[in-house]
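First the structure, in the form of structure tokens, and then the observations on it.
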DNA sequence: CGTGTGTTTGACCAGTCTCAAGAGCCGTGG
DNA sequence: CCACGGCTCTTGAGACTGGTCAAACACACG
């Protein structure tokens, strides 16, 4: 349909030059492949609910989430939204070859974004095969997540969808070195609903449902403890039947 | 969830060396960037229903569809399938860095696949930034399509989903130089259903529904003529509300 | 011309959406 | 410190879509 895409990536699949941005230190480490440009990156702060960029905006930068989080979504003609992805610290947003942002970003909480000049990134990737290759891997990683999303959203029933979502968020936790059993859900129920193709009411009901079944424990509105992950896996039967 | 992904691409976003494969002629054209390896590619033929590869198979080649078509899907633990994509002549299947195929391919009709050695493609991409860069663009293109799929499958209601699907297939037709008004649907209704997250019955009913509304005309089981594309666009309200 | 597969159609039912109201949480201001 | 207002989340009841099961039909193949 409409060309709705962009790239987001985990920092650890990026070239070393970009990894050096990770630390707040003024870039003691350089690699010969990547000249100075990355180091000039400024940081912008956004309040909860603000839109760092909207679909159609000219895209001059690639953003790296420093703290907080983003909801990435498409606005549809009928007023609905399709949440494409969430971005958390370490994720990159806005890679790809389009001149304009293909979707809108909204800050989930107070969020800091580091701005990486897009053109220079592109120039470097054309000069250095290692960078281009890394970008390719990054895109492939993105694609993996996108297919995972298709799989999750393609689940029949609200239980399967939400279970798959919780497990996916749990895996993200692991990725950030957090406890896989306690899932942090900073986004609104509405965002989860628009991500899964459900309504906020159904999401809420399904949470209550899981709680009643003893599958999860709702610590507070933003934290869920997974009590029976195996049961959740069974519900989210999006497990490739190998062979 | 599970690492279910792979790359497929349109030929025209590939490096020139790969484009030369396009013609059946024994590669009169070479580009200095790409040495001989591409030229050795053999062609394998598959009957309707056969599986060129399955998820978990060791992945030695990247395949280019010469004729026919493929359904790419994931088998789920509960016996259901999630169709990830369809591949038609000119499309590449199996890019990406995984050692094994992440999903299964099934021939829609009699299908010819050209086999491109995967390791050599990778080696070349590491040596030549242009190839790596092209692969990156390709992956970005794939991602665009994946997000489009999310959008389509995320539609509420069967009419929106099917309308979006028909329009997407129509655009593919244009891409191949065919009439955008007559959509060719070589795949099974079941495959369309598993692509959209519906059942075959619902897909069938919705087709009948569209026909009754005068939106489409069913030429034969594999060809649909779009009578009121604008109405279909309205149904598939997956149109980014710009601004 | 039969057989098997794929497709259409029908009836019934489960599940989700819609609309609506109430409960909880948080920041603000008195 | 408490009261207020707004927003989010939860819960409820009814309508409706799409899933399931079952059967008839159409088509391709040998």
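Protein chains in written order, with my numbering: chain A, 2 to 244; chain B, 2 to 244.
No residue lacks a Cβ here, since even glycine has one placed at the ideal position from N, Cα and C.
Using DSSP bridges, identify the partner residues of residue i.
{"i": "residue 218(A)", "result": "226(A)"}
{"i": "residue 136(A)", "result": "In DSSP, residue 136(A) forms no bridge with anything."}
{"i": "residue 272(B)", "result": "Because chain B spans 2 through 244 in this model, residue 272(B) falls outside it and cannot be assessed."}
{"i": "residue 66(A)", "result": "114(A)"}
{"i": "residue 74(A)", "result": "84(A) and 105(A)"}
{"i": "residue 59(B)", "result": "101(B)"}
{"i": "residue 46(A)", "result": "113(A)"}
{"i": "residue 54(B)", "result": "106(B)"}
How long is the line joining the alpha carbons of residue i and residue j, rounded to whole angstroms?
{"i": "residue 229(B)", "j": "residue 224(A)", "result": "48 Å"}
{"i": "residue 245(A)", "j": "residue 180(A)", "result": "Because chain A is modelled from 2 through 244, residue 245(A) falls outside the range shown and cannot be assessed."}
{"i": "residue 71(A)", "j": "residue 104(B)", "result": "30 Å"}
{"i": "residue 43(A)", "j": "residue 115(A)", "result": "6 Å"}
{"i": "residue 119(A)", "j": "residue 96(A)", "result": "8 Å"}
{"i": "residue 130(B)", "j": "residue 121(A)", "result": "15 Å"}
{"i": "residue 48(B)", "j": "residue 185(B)", "result": "19 Å"}
{"i": "residue 73(B)", "j": "residue 56(B)", "result": "10 Å"}
{"i": "residue 172(B)", "j": "residue 124(A)", "result": "31 Å"}
{"i": "residue 66(B)", "j": "residue 99(A)", "result": "27 Å"}
{"i": "residue 156(B)", "j": "residue 117(A)", "result": "34 Å"}
{"i": "residue 237(A)", "j": "residue 160(B)", "result": "26 Å"}
{"i": "residue 15(A)", "j": "residue 168(B)", "result": "Because residue 15(A) carries a pLDDT of 42, less than 50, the predicted location of this residue cannot be relied on, and the following value inherits that uncertainty. Taking the straight line joining both Cα atoms gives about 36 Å."}
{"i": "residue 135(A)", "j": "residue 189(B)", "result": "38 Å"}
{"i": "residue 218(B)", "j": "residue 54(B)", "result": "35 Å"}
{"i": "residue 46(B)", "j": "residue 111(B)", "result": "7 Å"}
{"i": "residue 177(B)", "j": "residue 87(B)", "result": "14 Å"}
{"i": "residue 192(B)", "j": "residue 143(B)", "result": "20 Å"}
{"i": "residue 235(A)", "j": "residue 200(B)", "result": "22 Å"}
{"i": "residue 170(A)", "j": "residue 154(B)", "result": "21 Å"}
{"i": "residue 63(B)", "j": "residue 109(B)", "result": "19 Å"}
{"i": "residue 83(B)", "j": "residue 202(A)", "result": "26 Å"}
{"i": "residue 58(B)", "j": "residue 158(A)", "result": "30 Å"}
{"i": "residue 211(A)", "j": "residue 187(A)", "result": "19 Å"}
{"i": "residue 126(A)", "j": "residue 128(B)", "result": "13 Å"}
{"i": "residue 207(B)", "j": "residue 113(B)", "result": "32 Å"}
{"i": "residue 85(B)", "j": "residue 85(A)", "result": "16 Å"}
So residue i packs on residue j, CB below 8 Å; how close in whole Å?
{"i": "residue 196(A)", "j": "residue 147(B)", "result": "Not really, about 15 Å apart at Cβ, beyond 8 Å."}
{"i": "residue 175(A)", "j": "residue 226(A)", "result": "So it is not a contact: roughly 15 Å between Cβ atoms."}
{"i": "residue 216(A)", "j": "residue 205(A)", "result": "Going by Cβ atoms, the distance from residue 216(A) to residue 205(A) rounds to 15 Å, so no, they are not a contact pair."}
{"i": "residue 107(A)", "j": "residue 60(A)", "result": "Not really, about 17 Å apart at Cβ, beyond 8 Å."}
Taking its Cβ as the centre, do 16 or more other Cβ atoms sit within 10 Å of residue i, making it buried, or is it exposed?
{"i": "residue 221(A)", "result": "exposed"}
{"i": "residue 145(B)", "result": "buried"}
{"i": "residue 213(B)", "result": "exposed"}
{"i": "residue 150(A)", "result": "buried"}
{"i": "residue 209(A)", "result": "exposed"}
{"i": "residue 69(A)", "result": "buried"}
{"i": "residue 198(B)", "result": "buried"}
{"i": "residue 51(B)", "result": "exposed"}
{"i": "residue 132(B)", "result": "buried"}
{"i": "residue 194(A)", "result": "buried"}
{"i": "residue 152(B)", "result": "buried"}
Problem - At least three beta-carbon pairs within less than 8 Å, the region 81-96 of chain A to the region 164-178 of chain B - result: No, because fewer than three Cβ pairs between the region 81-96 of chain A and the region 164-178 of chain B fall closer than 8 Å, the two stretches do not touch.
Exercise for the section: Could you say if the region 135-145 of chain B and the region 63-82 of chain B meet the contact criterion of at least three C-beta pairs nearer than 8 Å? Expected result: Contact fails between the region 135-145 of chain B and the region 63-82 of chain B, because fewer than three Cβ pairs, one in each stretch, are under 8 Å apart.
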